[in-house]
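K.L.:
This structure is in structure tokens; I'll ask about it shortly.
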Amino acid sequence: TGTPKGADRTHGSLIEQHLAIRAHGNDQADDIDSPCFPVVVLHNLCCGISTVMPCLDLAKPAHTDAEMVIRYWKKHKVTRISSAPAFIQAICEYALAKRIQLPDIRSVIVGGSTIPHALTLKLDSVFTQAQILLVYGSTEAEPIAHLSLSALRKDWNTYAGHLVGKPVAEAEVCLTNPDAKLDNEQDVQQSQVAVEDVGEILVSGKHVLQGYIDNPESNRDSKIPRANGLVWHKTGDAGFFDTQGRLWLVGRIKDALLIDGERIYTFAPEKELDALANIVRSALIQTPQAIVLVLQTQATRNFQQILAVLAKHHIHQAQYVLIDEMPVDGRHNSKIDRVQLKKQLEQGKLKPQPFAVEVRYELP
Numbered sequence: 203t204g205t206p207k208g209a210d211r212t213h214g215s216l217i218e219q220h221l222a223i224r225a226h227g228n229d230q231a232d233d234i235d236s237p238c239f240p241v242v243v244l245h246n247l248c249c250g251i252s253t254v255m256p257c258l259d260l261a262k263p264a265h266t267d268a269e270m271v272i273r274y275w276k277k278h279k280v281t282r283i284s285s286a287p288a289f290i291q292a293i294c295e296y297a298l299a300k301r302i303q304l305p306d307i308r309s310v311i312v313g314g315s316t317i318p319h320a321l322t323l324k325l326d327s328v329f330t331q332a333q334i335l336l337v338y339g340s341t342e343a344e345p346i347a348h349l350s351l352s353a354l355r356k357d358w359n360t361y362a363g364h365l366v367g368k369p370v371a372e373a374e375v376c377l378t379n380p381d382a383k384l385d386n387e388q389d390v391q392q393s394q395v396a397v398e399d400v401g402e403i404l405v406s407g408k409h410v411l412q413g414y415i416d417n418p419e420s421n422r423d424s425k426i427p428r429a430n431g432l433v434w435h436k437t438g439d440a441g442f443f444d445t446q447g448r449l450w451l452v453g454r455i456k457d458a459l460l461i462d463g464e465r466i467y468t469f470a471p472e473k474e475l476d477a478l479a480n481i482v483r484s485a486l487i488q489t490p491q492a493i494v495l496v497l498q499t500q501a502t503r504n505f506q507q508i509l510a511v512l513a514k515h516h517i518h519q520a521q522y523v524l525i526d527e528m529p530v531d532g533r534h535n536s537k538i539d540r541v542q543l544k545k546q547l548e549q550g551k552l553k554p555q556p557f558a559v560e561v562r563y564e565l566p
């Protein structure tokens, strides 16, 4: 979310990205792919794999016509798909409601955002014969890490934050102190944090884009040249390595709450809040006036439980506001649009109020 930056793609970077995707995509000669990610179409052309695209608005994947898409997949004998969580969620909800299974799809790749726990429980009920892979990456570096659906479900609550798996062989990943000034490789080396400590995620590799188009400021902020001709790309994501070498995300650095000089990253408390009954999605936003918990909810909530989660994460003074639908990013419709939420709060369009344990609220 935020202002998009023009990615400076070259023939070389596209080839390296194709090779990185091929190493982990389990391509088969008879595959028929229906991706929601445009770069995958280029990959398929390189592989000689057929690509079929349903007639849908890829700018609004969360509001897709699931019936039409499933009918299209069946007609064209699609064997694999890749999409953001919002799109695949719409497909799963429709399929489960109509008791439809899609056993002919052999591969499902989900990326573009962290995945809701409820969706992890639906995927293999619809895609009964598929290898389901969750991928972490970005426009500048795709892929960075991945893991299977079964591994994600098994270790969902092992640590706070969202598990995204081990880095792929093509990506060199390190975590550095978020407050460190990084101008060169030596700075990167000296600023790395220990296992299980949170740091900013940096990635390097032949498939990592070297810069942005006509944007020297972003290049200075995000790209650190290396002696081998590559760059370290600063993702802006905060995370940590667990003892198995797997990467966990805890939030965007710019979205962290600043409380008594300490950063409180948002993913861990939001993940726990989202697990509470009747909460569809939550977002913690800091304005100059207050820390605000934005709640998309279905029915009555237990404010005692909400306050207990906040206190566990050292958030003791917060207000809340209720919304009907969480604003999301315009590309994948999956990430919370925190910029929009903050803007609405600061403009008074959303009016937070103090917590009162006795308050009960039900949607009409």
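To convert, take the position in the sequence shown, counting from 1, and add 202; that gives our numbering.
Where is the CB? At the ideal position from N, CA and C, for every residue including glycine.
Could you tell me which whole beta strand (DSSP E) segments of length 3 or greater appear in the segment 512-558?
P.N.:
521-525
K.L.:
From residue 305 to residue 238, what distance separates their C-alpha atoms?
P.N.:
The straight-line gap from Cα to Cα measures roughly 20 Å.
K.L.:
For residue 237, does the three-state DSSP call read helix, strand or coil?
P.N.:
strand
K.L.:
Within the continuous beta strand (DSSP E) that includes residue 364, where are the two ends?
P.N.:
364-369
K.L.:
At which residues does the beta strand (DSSP E) containing residue 275 begin and terminate?
P.N.:
Annotation: residue 275 is outside any beta strand (DSSP E); the continuous alpha helix (DSSP H) that includes it extends over 268-277.
K.L.:
Alpha carbon to alpha carbon, how far is residue 509 from residue 484?
P.N.:
13 Å
K.L.:
Would you mind working out which of 417, 433, 324, 493 sits nearest residue 544, comparing C-alpha positions?
P.N.:
Ranking 417, 433, 324, 493 by CA distance to the CA of residue 544 puts 493 first.
K.L.:
Just list the beta strand (DSSP E) runs in the segment 280-316, keeping only unbroken ones of 3 residues or longer that don't cross its boundaries, in chain order.
P.N.:
Correct list: 282-285, 309-312.
K.L.:
According to DSSP, simplified to helix, strand and coil, what is residue 409?
P.N.:
coil
K.L.:
At the level of alpha carbons, what is the spacing between residue 461 and residue 481?
P.N.:
25 Å
K.L.:
Could you spell out where the beta strand (DSSP E) holding residue 437 opens and where it closes?
P.N.:
433-443
K.L.:
What separation, rounded to the nearest whole angstrom, lies between the Cα atoms of residue 341 and residue 437?
P.N.:
10 Å
K.L.:
Any heavy atom of the ligand MG within a distance shorter than 8 Å of the CB on residue 311?
P.N.:
Judged by which ligands are present, the structure shown has none, so any question about the ligand MG falls away.
K.L.:
Alpha carbon to alpha carbon, what distance is there between residue 439 and residue 456?
P.N.:
9 Å
K.L.:
Can you list, in chain order, the residues of its chain whose CB lies under 7 Å from that of residue 560, leaving out five sequence neighbours each side?
P.N.:
The predicted model places residue 560 with a pLDDT of 42, which falls under 50 and marks its position as unreliable, so this point remains unresolved.
K.L.:
Please state whether DSSP places residue 478 in a helix, a strand or coil.
P.N.:
coil
K.L.:
Going by DSSP, name the residue or residues bridged to residue 453.
P.N.:
According to DSSP, residue 453 bridges with 440.
K.L.:
Starting from the C-beta of residue 234, find all residues in its chain whose C-beta is less than 7 Å away, skip the five residues before and the five after it, and write them out in chain order.
P.N.:
Apart from sequence neighbours up to five positions away, the residues of its chain that approach residue 234 with a beta-carbon distance below 7 Å are 252, 254, 278, 279, 280, 281, ordered along the chain.
K.L.:
Starting from residue 498, follow its DSSP beta bridges and name the residues at the other end.
P.N.:
483, 525
K.L.:
Taking contact to mean 3 or more Cβ pairs, one atom from each stretch, closer than 8 Å, check whether the segment 402-412 and the segment 370-383 are in contact.
P.N.:
yes
K.L.:
Residue 388 bridges to which residues according to DSSP?
P.N.:
Under DSSP, residue 388 takes part in no beta bridge, so it has no partner.
K.L.:
For residue 546, which residues from the same chain have a beta carbon less than 6 Å from its beta carbon, with the 5 sequence-adjacent residues on both sides left out?
P.N.:
Excluding residues within five positions, the ones whose Cβ falls inside 6 Å are 552.
K.L.:
In three-state terms, what does DSSP make of residue 564?
P.N.:
Low per-residue confidence applies at residue 564: pLDDT is 45, beneath 50, and the placement is therefore not dependable, though the value from the model is reported in the following sentence. Residue 564: coil per DSSP, three-state reduction.
K.L.:
Note down the Cα distance separating residue 469 from residue 210, rounded to an integer number of angstroms.
P.N.:
30 Å
K.L.:
Quick one: what's got a C-beta closer than 6 Å to residue 314's C-beta in the same chain, skipping five residues either side?
P.N.:
286, 534, 536
K.L.:
Would you kindly check if the distance between the Cβ of residue 350 and the Cβ of residue 331 is under 9 Å?
P.N.:
no
K.L.:
Over what stretch of residues does the beta strand (DSSP E) that includes residue 222 continue unbroken?
P.N.:
Where residue 222 is concerned, there is no enclosing beta strand (DSSP E), although the alpha helix (DSSP H) it sits in stretches over 213-226.
K.L.:
For residue 298 versus residue 324, is the C-beta distance shorter than 9 Å?
P.N.:
yes
K.L.:
In angstroms with no decimal places, state the Cα-to-Cα distance between residue 415 and residue 542.
P.N.:
Cα-Cα distance, rounded: 25 Å.
K.L.:
Return helix, strand or coil for residue 209, following the three-state DSSP convention.
P.N.:
Secondary structure of residue 209 (DSSP, three-state): strand.
K.L.:
Which full runs of the beta strand (DSSP E) of 3+ residues lie inside the segment 329-355, going along the chain?
P.N.:
The segment 329-355 contains these whole beta strand (DSSP E) runs: 333-338, 347-350.
K.L.:
Under the assumption that residue 372 contacts residue 408 (Cβ atoms under 8 Å), give the Cβ distance between them as a whole number of angstroms.
P.N.:
For a cut-off of 8 Å, the C-beta gap from residue 372 to residue 408 is around 7 Å, short enough to register as a contact.
K.L.:
Give me the Cα-Cα distance between residue 459 and residue 467, rounded to the nearest whole angstrom.
P.N.:
Straight-line Cα distance between these residues: approximately 6 Å.
K.L.:
According to DSSP, residue 361 sits in a beta bridge with which residue or residues?
P.N.:
Partner(s): none; residue 361 has no beta bridge.
K.L.:
Between the Cα of residue 248 and the Cα atoms of 290, 217, 265, 513, which residue gives the shortest distance?
P.N.:
217
K.L.:
Give the straight-line distance between the Cα atoms of residue 530 and residue 524, rounded to the nearest whole angstrom.
P.N.:
Distance between the alpha carbons of residue 530 and residue 524: 16 Å.
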